[in-house]
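A.B. asks:
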Amino acid sequence: MTLVDPGTHLSGDSLHEALEVVRTVYGEQITLQDVEHIVITHAHFDHF
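All you need for the numbering used here is the position in the sequence shown, starting with 1, plus 694.
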């Protein structure tokens, strides 16, 4: 799995909630351990 612009250190709860939606709605049994790549399209001084 690839995450694009995954947010800041404060985004963890939202990411876990999103993964739960994918598991529930689409039946995909994914977890954070499935992340192979992270794409950061741009950076800001206070977050990626």
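From the three backbone atoms N, C-alpha and C, an ideal C-beta is built for every residue, glycine too. It should be emphasised that the depicted structure is a prediction, and the values quoted were computed from it without experimental measurement.
So, for Val-729: in the same chain, excluding its five sequence neighbours on each side, which residues have a beta-carbon less than 8 Å away from its beta-carbon?
C.D. replies: Contacts found: Met-695, Thr-696 and Leu-697.
A.B. asks: Are the beta-carbon atoms of Thr-702 and Leu-713 separated by less than 8 Å?
C.D. replies: Contact flag unset, no.
A.B. asks: Cβ of Glu-711 versus every heavy atom of the ligand ZN: is any distance shorter than 7 Å?
C.D. replies: What this structure holds is no ligand at all, so the ligand ZN is not there to describe.
A.B. asks: Tell me where the alpha helix (DSSP H) around Thr-702 begins and ends.
C.D. replies: Neither: Thr-702 is in no alpha helix (DSSP H) and is coded neither H nor E.
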